[in-house]
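**Q**
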Amino acid sequence: MCAEPIGDEHPHVVNLESRALMCTCRGCYLLFTAEDATLRYRAVPDRYLSFPGFRLGAGEWDELQIPVGLAFLFSNSVQERTVAFYPGPAGATESELPLDAWQRIVASNPDLGVLRPDVEALLLRSPDRDQPSFSAHLVPVDACYELVGRLRSLWRGFDGGQEAHAAIEEFFAHVRDRSRPVPGGGGAG
Ligand SMILES: [Zn+2]
Ligand SMILES: [Zn+2]
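Position 85 of the sequence shown, counted from 1, bears residue number 225 in the numbering used here, the numbering being contiguous throughout.
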């Protein structure tokens with residue numbers, strides 16, 4: 141973004157139009173942290189949260205039309221829609237969520253209101269497809285893209301294979317490590 145050299149650990153901003161992530165120095169990053177600013181770029185926060193009270197019915201998951209037990213959901217403020225993306229044999233697949241399905245989920249999980257559009261994603265995972273029991277985390281979108289990129293190169297066969305699963309486990313260990321419960325969370329359960 142500027143001529144400032146950046147190290148391996150550096151923040152990112154999202155280009156709201158192209159959805160591209162850009163590496164930045166700390167100084168440029170801070171220019172784009174204002175949440176309500178009308179800017180072309182938005183800084184990706186580095187917080188991780190867990191939603192211990194998150195509830196999703198089996199039927200609701202099916203309604204989202206996500207074929208694998210792992211998905212990132214985030215809203216796109218420019219297009220005013222919520223999209224899900226998930227890894228699969230063809231790389232990352234992005235699909236638009238049926239709006240009413242998403243709104244029902246937010247209505248029954250008001251904690252999700254803390255998610256910032258464009259820069260934070262809701263990471264959902266159900267290890268067992270037949271008996272959905274979800275873990276829900278807020279993660280920065282750059283971490284999502286990084287995982288998807290890694291999985292793209294590791295994915296084998298229909299379900300990903302051993303290496304992809306190991307990468308997913310490693311990612312979740314990291315997410316659990318960094319997450320703290322959503323403030324005032326706990327949900328209805
Ligand atoms: Zn970067
Ligand atoms: Zn800079």
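All C-beta atoms in this analysis are idealised placements derived from N, C-alpha and C, irrespective of residue type, glycine included.
Given this structure, state the Cα-to-Cα distance separating S215 from E309, to the nearest angstrom.
**A** Within the model, the alpha-carbon separation for S215 versus E309 is close to 25 angstroms.
**Q** Which term fits F298, buried or exposed, when burial requires 16 or more other beta carbons within 10 angstroms of its beta carbon?
**A** exposed
**Q** Tell me the residue span of the beta strand (DSSP E) that contains L161.
**A** 161-163
**Q** Collect the residues with a C-beta less than 6 angstroms away from any heavy atom of ligand 2 and give them in sequence order along the chain.
**A** Contact residues of ligand 2 (beta-carbon closer than 6 angstroms to any heavy atom; chain order) are M141, C142, E144, T164, C165, G167, C168.
**Q** Grab the span of the beta strand (DSSP E) containing G231 for me, first residue to last.
**A** That run of the beta strand (DSSP E) goes 231-236.
**Q** In this structure, how does DSSP classify R318 when only helix, strand and coil are distinguished?
**A** helix
**Q** Suppose you measure from the CA of T233 to the CA of R244; what does that come to, to the nearest Å?
**A** 23 angstroms
**Q** So A211 and L264 are supposed to be a Cβ contact under 8 angstroms. How far apart are they, rounded?
**A** 5 angstroms
**Q** On a Cα-Cα basis, can you pick out the residue from G289, V281, Q302, F312 that is closest to P151?
**A** V281
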